[in-house]
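J.:
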Amino acid sequence: MSFLGGPRRVNSTLKIQTPAAISLIQKIKAELQKRAELKAKRMLLKVPKRQVKR
Numbered sequence: 001m002s003f004l005g006g007p008r009r010v011n012s013t014l015k016i017q018t019p020a021a022i023s024l025i026q027k028i029k030a031e032l033q034k035r036a037e038l039k040a041k042r043m044l045l046k047v048p049k050r051q052v053k054r
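In terms of the UniProt record's numbering, the sequence shown opens at residue 1 and continues consecutively.
#1: If we ignore side chains and look at the alpha-carbon of each, how far apart do ARG35 and ILE25 end up?
#2: DSSP three-state call for LYS46: helix, strand or coil?
#3: Do you know offhand how far SER23's Cα is from GLU37's?
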């Protein structure tokens, strides 16, 4: 195995990402963002059923 001048194989998914992987990551991020927004809306609309007695 020659380390000088020859083509090197890099088995790292962090350095080289295919466009399909990038688009999949973006889809997942968008889905998570959408879920977070819907959850925030639900939490704002939710009214406590019982008032705390003081």
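Backbone N, C-alpha and C fix where the C-beta goes; we use that ideal spot for every residue, glycine too.
T.: On the basis of the coordinates in this document:
#1: 15 Å
#2: coil
#3: 21 Å
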